[in-house]
Ligand SMILES: NC(=O)c1ccc[n+]([C@@H]2O[C@H](COP(=O)([O-])OP(=O)(O)OC[C@H]3O[C@@H](n4cnc5c(N)ncnc54)[C@H](O)[C@@H]3O)[C@@H](O)[C@H]2O)c1
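Numbering (our numbering), first residue to last: 43 to 345.
Right, here's the structure in full:
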């Protein structure tokens, strides 16, 4: 008995790295998996049949999977991917939006193409499959069916939550995915569908591309024993979030890095000042902002 027996899952960008780890884990827990991958390079160029190897690995281990080669940020292609899950396996329960690319550069060197491509794959590539999956569930729900097994698990990143030098495009997209997760979780709440985001890590080709990181890219199936760089260390969390056991968890951002799972806390109100019913004068703000908002009382600075 697995946590996900009979459930049908799509994992995007599952030909390699973290997505491959998720696909293997979900299949191990009994899910039937659509393994999506465009087969693009790290920079988002080209296309290939990279999904096939993950499908083969799942089948060798006794699971069931089918490949999908769509570009997740192609709106109609994302729709076809959702359709494929329903046509091949008869239903859809789990959507893991994981596909991603990186085109790192400082803001002064970043090209328009670097910006557009990264925003497109991460943000639109999360929006498009989510839109089609939710519409699929909504149609069923309106016809009286229970769709409360519906799960969406998005992929943000620690860098996106706190910022990272040289990654304005990537961090903007990843922070956007965290906000998207919270909004969509509210919109589908009534149908019992959950939407969460994870922040994974691992020695994938993406991590290996960070200058000076000294990381060698390895696939999750190349690790025989626990290793802090194994890209599949967040996959048990994904399987849990996808299961009935996590039906009460939604709108959350959770990092799973090495041996730790951390609930992330987002923006929240900090110190504030008020001038009841009156407009601020900019000149009066210096002292008030420094003392009461930032809490840095410079010598002699009083109000
Ligand atoms: N590796 C890390 O340490 C780390 C940390 C935080 C977040 N992440 C995120 O995890 C996810 C997976 O990254 P990874 O490190 O495994 O990278 P990876 O490059 O090994 O895998 C990404 C996969 O996505 C596929 N892909 C790219 N564009 C696609 C598209 N348009 N449509 C479908 N598939 C596409 C690629 O072909 C590739 O197989 C990404 O969203 C990444 O931002 C990774």
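Glycine is no exception: its CB is placed at the ideal position from the N, C-alpha and C atoms.
Since the structure is predicted, the reported quantities are computational estimates derived from the model, not experimental observations.
Taking a C-beta distance under 9 Å as the contact criterion, residue 293 and residue 228 qualify as a contact pair. Residue pairing by DSSP places residue 238 opposite 195 in a beta bridge. In the three-state reduction of the DSSP assignment, residue 260 falls in the coil class, being assigned neither a helical nor a strand state. Ranked by how close their Cα comes to the Cα of residue 107, the residues 67, 192 and 196 have 67 in first place. Counting along the chain, the unbroken beta strand (DSSP E) around residue 52 starts and ends at 50-53. For residue 110, the enclosing beta strand (DSSP E) starts and ends at 107-110. CA-CA distance, residue 195 to residue 327, rounds to 43 Å.
Counting C-beta pairs closer than 8 Å gives three or more between the region 263-283 and the region 240-252, which meets the contact rule.
For residue 303, the uninterrupted beta strand (DSSP E) segment begins and ends at 302-305. For residue 58, the shortest C-beta to heavy atom distance toward ligand 1 is below 8 Å. According to the DSSP secondary-structure assignment, residue 297 is paired through a beta bridge with 241 and 304. Annotation for residue 315: no alpha helix (DSSP H) segment contains it, and DSSP assigns it neither H nor E. Distances from the CB of residue 108 to the heavy atoms of ligand 1 are all 8 Å or more. DSSP places residue 114 outside any alpha helix (DSSP H), giving it a letter other than H or E. Bounds of the beta strand (DSSP E) holding residue 75 are 74-78. Going by C-alpha positions, residue 103 is about 18 Å away from residue 131. Scanning its chain for C-beta atoms nearer than 8 Å, with the 5 sequence neighbours on each side dropped, one finds around residue 337 the residues 313, in chain order. Here residue 77 is actually not in contact with residue 115; their C-beta atoms are around 18 Å apart, not less than 8 Å. In the DSSP annotation of this structure, the continuous segment of the beta strand (DSSP E) that includes residue 137 starts and ends at 136-138. Closest option to residue 145, judged by alpha-carbon separation, among 159, 305, 279 and 55: 159. A direct Cα-to-Cα measurement between residue 331 and residue 142 gives close to 40 Å. Inter-residue distance for residue 173 and residue 329 is about 48 Å (C-alpha atoms, whole angstroms).
Apart from sequence neighbours up to five positions away, the residues of its chain that approach residue 157 with a beta-carbon distance below 6 Å are 211, ordered along the chain.
Counting C-beta pairs closer than 8 Å gives fewer than three between the region 177-189 and the region 86-103, which falls short of the contact rule.
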